[in-house]
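Trainee: Dropping the structure in here first, questions after.
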Amino acid sequence: GEDVEQSLFLSVREGDSSVINCTYTDSSSTYLYWYKQEPGAGLQLLTYIFSNMDMKQDQRLTVLLNKKDKHLSLRIADTQTGDSAIYFCAEMVYGQNFVFGPGTRLSVLP
Amino acid sequence: EAQVTQNPRYLITVTGKKLTVTCSQNMNHEYMSWYRQDPGLGLRQIYYSMNVEVTDKGDVPEGYKVSRKEKRNFPLILESPSPNQTSLYFCASSSQGGNSPLHFGNGTRLTVT
Chain A
1 GEDVEQSLFL SVREGDSSVI NCTYTDSSST YLYWYKQEPG AGLQLLTYIF
51 SNMDMKQDQR LTVLLNKKDK HLSLRIADTQ TGDSAIYFCA EMVYGQNFVF
101 GPGTRLSVLP
Chain B
1 EAQVTQNPRY LITVTGKKLT VTCSQNMNHE YMSWYRQDPG LGLRQIYYSM
51 NVEVTDKGDV PEGYKVSRKE KRNFPLILES PSPNQTSLYF CASSSQGGNS
101 PLHFGNGTRL TVT
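Sequence order for the protein chains is A and B.
Just so we're aligned, residue 1 is where the first sequence starts under our numbering, counting upward by one.
Just so we're aligned, residue 1 is where the second sequence starts under our numbering, counting upward by one.
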């Protein structure tokens, strides 16, 4: 079946860039998403990319998609302490169902 | 305000005592889904529904039931809860077609003793 993988932890210093990586297996994915979960809260949509795009930029966020390698990344520029959270990669499969990765816990050190 | 509402936020119960976690959305979304979140395992899908009266098993459906009698509601039922169902549960919804991201509720933290 389909599978989405992410590394579980990432630590960066405040002001540096963070890069969170994700790999997925379903080549029929139409949309790929990044969600952010802050402590004690639900998941909030950060950004998304359509599968025929290579890159999408939204303020401090840059999403890169390598469809050949089924690799997705999220870059956060000028990382702040408020960016500390769990980040989930997700793909839309079967036209409408969603599969999530295990989440990457980002810690931002002062 | 567009939202997904889950109740209760916190629930402590004992093994075998039937419980229901409610989920309601006010966005007229066709798709609804339940997930559980456990440390190191991320989000695992329990059940999902593409529309009224249409439900399908996700990755971890054992021990759970759902129903979709109306578009806005998608309750999660634990007929006989067990301690391994202690988890953080999320309900989510989305509209059909095109780019339609999931909207999440705030979660229900369930403890089964």
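C-beta: ideal position from N, C-alpha, C; glycine also.
Just so it is clear, the structure is predicted and the values come from calculations on it, not from any experiment.
Check this for me: beta carbons of A:Lys36 and A:Gln44, under 8 Å apart or not?
Mentor: Walking along the first sequence from the start, residue 36 of chain A turns up at place 36. Walking along the first sequence from the start, residue 44 of chain A turns up at place 44. It is a contact, given that the beta carbons lie within the stated cut-off.
Trainee: Thinking C-alpha only, which one of A:Leu106, A:Leu109, A:Phe98, A:Pro110 is nearest A:Val4?
Mentor: Residue mapping note: residue 4 of chain A aligns to position 4 of the first sequence, counting from 1. When each option's Cα is compared against that of A:Val4, the closest is A:Phe98.
Trainee: If I measure Cβ to Cβ from B:Asn106 and keep anything under 7 Å in the same chain, skipping five residues before and after, which residues do I get?
Mentor: Working through the second sequence from its first residue, we reach residue 106 of chain B at position 106. For B:Asn106, where only same-chain residues beyond five positions count, the Cβ hits under 7 Å are Gln6, Arg9.
Trainee: Please name the residues in the segment 87 to 107 of chain B whose beta-carbon is closer than 7 Å to at least one beta-carbon of chain A, in chain order.
Mentor: Per Cβ criterion, the list reads Phe90, Gln96, Asn99, Pro101, Leu102, Phe104, Gly105, Asn106, Gly107.
Trainee: Compute the beta-carbon to beta-carbon distance between B:Thr113 and B:Val21, rounded to the nearest angstrom, for a pair I have assumed lies under 8 Å.
Mentor: Within the second sequence, residue 113 of chain B is the residue found at index 113, counting from 1. Within the second sequence, residue 21 of chain B is the residue found at index 21, counting from 1. The pair is not a contact, with the Cβ atoms about 17 Å apart (cut-off 8 Å).
Trainee: Could you give the DSSP three-state label for B:Gln85: helix, strand or coil?
Mentor: Start at 1 with the first residue of the second sequence, and residue 85 of chain B comes out as number 85. If DSSP states are grouped into helix, strand and coil, B:Gln85 belongs with the helices.
Trainee: Considering only the alpha carbon of each residue, which of A:Gly40, A:Lys67, A:Arg13 lies closest to A:Ile49?
Mentor: For the purposes of this step, residue 49 of chain A is taken as residue 49 along the first sequence, with counting starting at 1. The candidate whose alpha carbon is nearest that of A:Ile49 is A:Lys67.
Trainee: According to a CB-to-CB cut-off of less than 8 Å, which residues of the segment 67 to 89 of chain A neighbour chain B?
Mentor: Listed by position along the chain: Phe88.
Trainee: Strictly below 7 Å CB to CB, what residues from chain A border B:Leu41?
Mentor: As a working note, residue 41 of chain B is residue 41 in the second sequence. Ordered by position in chain A, the residues that pass the 7 Å Cβ test against B:Leu41 are Pro102.
Trainee: Please list the residues of the segment 4 to 20 of chain A that have a C-beta atom closer than 9 Å to any C-beta atom in chain B, keeping them in chain order.
Mentor: The segment 4 to 20 of chain A vs chain B, Cβ under 9 Å: Val4, Gln6, Leu8.
Trainee: Should B:Tyr10 be flagged as near chain D, meaning a C-beta pair shorter than 8 Å?
Mentor: Given the protein chain composition of this structure (A and B), no chain D is represented.
Trainee: Mind pulling the chain B residues with CB within less than 7 Å of A:Leu109?
Mentor: By one-based count along the first sequence, residue 109 of chain A stands at place 109. The premise fails here: A:Leu109 is roughly 22 Å from chain B at the closest Cβ pair, so nothing lies under 7 Å.
Trainee: Is the Cβ of B:Tyr48 closer than 8 Å to any Cβ of chain A?
Mentor: Taking the second sequence and counting its residues from 1, the one referred to as residue 48 of chain B is at position 48. Yes - at least one Cβ of chain A is within 8 Å of the one on B:Tyr48.
Trainee: Identify every run of the beta strand (DSSP E) within the segment 41 to 72 of chain A, keeping only runs that are complete inside it and at least 3 residues long; order them along the chain.
Mentor: Taking only runs of at least 3 residues, the beta strand (DSSP E) segments lying wholly in the segment 41 to 72 of chain A are 43 to 50, 55 to 58, 61 to 66.
Trainee: Would you call A:Glu91 buried or exposed, if buried means 16 or more other Cβ atoms sit within 10 Å of its Cβ?
Mentor: Position 91 of the first sequence holds residue 91 of chain A. The residue is buried, with at least 16 neighbouring Cβ atoms inside 10 Å.
Trainee: Establish whether the CB of A:Asn52 and some CB of chain B are separated by less than 8 Å.
Mentor: As a first step, residue 52 of chain A is located in the first sequence; it is residue number 52 there, counting from the start. No, its Cβ sits nowhere closer than 8 Å to a Cβ of chain B.
Trainee: How far does the beta strand (DSSP E) with A:Gln80 in it reach, from first residue to last?
Mentor: Here residue 80 of chain A is taken as the residue at index 80 of the first sequence, counted from 1. Run containing A:Gln80: none; DSSP gives neither H nor E here.
Trainee: Rank B:Ile46, B:Gly40, B:Gly42 by C-alpha distance to the C-alpha of B:Met32 and give the top, closest one.
Mentor: The residue labelled residue 32 of chain B in the question sits at position 32 within the second sequence. That would be B:Ile46, whose Cα lies nearest to the Cα of B:Met32.
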